[in-house]
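First comes the structure, then the notes that go with it.
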Amino acid sequence: MQLEPPAGPTTAPEAFRAAAATLFAALGDAGRPGLVLREVPAPRKLAPYAVAVAADVSRGDADVASGRFVVLHDPAGQDGWRGDTRIVAFVSADVEAEMAADPALAAVGWQWLTESLIDRGALHTAAGGTVTRTVSCRFGSLEDAEEKSEVEIRASWTALPGPDGTMDLGEHLRAWCDLLCATAGLPPPGVSALHPR
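So, in structure tokens, the structure goes:
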């Protein structure tokens with residue numbers, strides 16, 4: 003992975019380079035069966051420095067979820083960030099129709115995110131976002147296709163340094179992976195899913 007400087011100096015500030023190194027290190031150990039992480043081009047106009055990761059989750063031969071995790075760094079900060087490093091995350095997952103119809107799904111989806119950040123010790127502030135439930139009904143020539151239900155979680159939060167002044171972006175990535183896998187219905191790490199015989 004490389005830090006992507008949209009403009010200006012080609013070298014990111016040392017504190018951000020050190021934080022990004024924790025993100026790169028986490029790429030190797032954040033994986034779980036069915037989860038594939040890869041670097042993707044970062045947005046070039048939102049902040050002076052950025053890195054981005056995309057993910058896909060599969061069960062068997064089917065892709066069931068995808069997401070994008072973007073870290074933006076602006077040494078001067080930006081309005082509303084309350085810090086200099088903002089994470090923007092997206093998750094989209096197929097869900098069963100009954101789950102999509104449950105009005106509690108939105109609150110549960112947001113709780114998955116906040117609990118993942120807390121459980122991983124990912125220090126943060128100013129979190130905000132949306133959870134969207136969709137059901138796609140097919141008509142005409144697509145009438146025979148199955149109805150598709152999805153949940154989308156769009157969120158952003160500001161990563162904070164720890165007491166020693168360093169920032170561990172790896173824990174933020176791991177928290178996002180936990181959210182992605184939970185949304186896709188994968189069991190937590192160390193837990194095996196029960197399959198009918």
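My numbering runs 2 ahead of the 1-based position in the sequence shown. Backbone N, C-alpha and C define an ideal beta-carbon position, used for all residues, glycine too. All of these numbers come straight from a predicted model, not from anything done at the bench.
| Got a sec, what are the start and stop residues for the alpha helix (DSSP H) G111 sits in? | Residue numbering aside, residue 111 sits at position 109 when the sequence shown is read from its first letter. Unbroken alpha helix (DSSP H) run through G111: L107 to D121.
| query | Is it right to say I155 is buried, meaning 16 or more other beta carbons lie within 10 angstroms of its own, or is it exposed? | reply | Taking the first residue of the sequence shown as position 1, residue 155 is located at position 153. It is buried - the Cβ of I155 has at least 16 other Cβ atoms within 10 Å.
| Relative to the alpha-carbon of D76, which residue among P15, V42, P165 and K150 has its alpha-carbon at the smallest distance? | Position 74 of the sequence shown, counting from 1, holds the residue named residue 76. Among P15, V42, P165 and K150, the Cα nearest to that of D76 belongs to P15.
| DSSP three-state call for R199: helix, strand or coil? | To locate residue 199, count along the sequence shown from 1; it is residue 197. Reliability of the predicted coordinates at R199 is poor, the pLDDT of 39 falling under 50, and no value is obtained from them.
| query | What residue does the alpha helix (DSSP H) around R46 start on, and which one ends it? | reply | Counting from 1 along the sequence shown, the entry for residue 46 is found at position 44. It is not in any alpha helix (DSSP H) - R46 carries neither H nor E in the DSSP assignment.
| query | How would you call V73, buried or exposed, if buried means at least 16 neighbouring beta carbons within 10 angstroms? | reply | On the sequence shown, residue 73 is found 71 positions in, with the first residue counted as 1. When all chains shown are included, V73 counts as buried.
| As assigned by DSSP and simplified to three states, the class of L37 | Indexing the sequence shown from 1 puts residue 37 at position 35. Strand at L37.
| query | Mapping DSSP to helix, strand and coil, what is F131? | reply | On the sequence shown, residue 131 is found 129 positions in, with the first residue counted as 1. Just to set this straight, residue 131 is Gly in the shown sequence, not Phe. Three-state result, G131: strand.
| task | Kindly confirm or deny that the stretch 122 to 138 and the stretch 169 to 178 touch, where touching means at least three C-beta pairs closer than 8 Å. | result | yes
| said: Which same chain residues end up closer than 6 Å to T2 when comparing Cβ atoms and leaving out the 5 residues on each side of it in sequence? | reply: Only positions 3 to 199 of the chain appear in the structure, and residue 2 is not among them; the question remains open.
| message | Bridge partners for E100 per DSSP, in chain order? | response | Against the sequence shown, residue 100 aligns to sequence position 98. DSSP, once it has assigned bridges, lists no residue as partnering E100.
| query | Going by Cα to Cα distance, which pick from G167, C179 and V110 is closest to A20? | reply | Counted from its first residue, the sequence shown places residue 20 at position 18. With distances taken between Cα atoms, A20 lies closest to G167.
| query | Mapping DSSP to helix, strand and coil, what is T24? | reply | Here residue 24 is taken as the residue at index 22 of the sequence shown, counted from 1. Helix.
| task | Alpha carbon to alpha carbon, how far is A64 from K150? Give it in angstroms, no decimals. | result | Within the sequence shown, residue 150 is the residue found at index 148, counting from 1. Within the sequence shown, residue 64 is the residue found at index 62, counting from 1. Cα-Cα distance, rounded: 14 Å.
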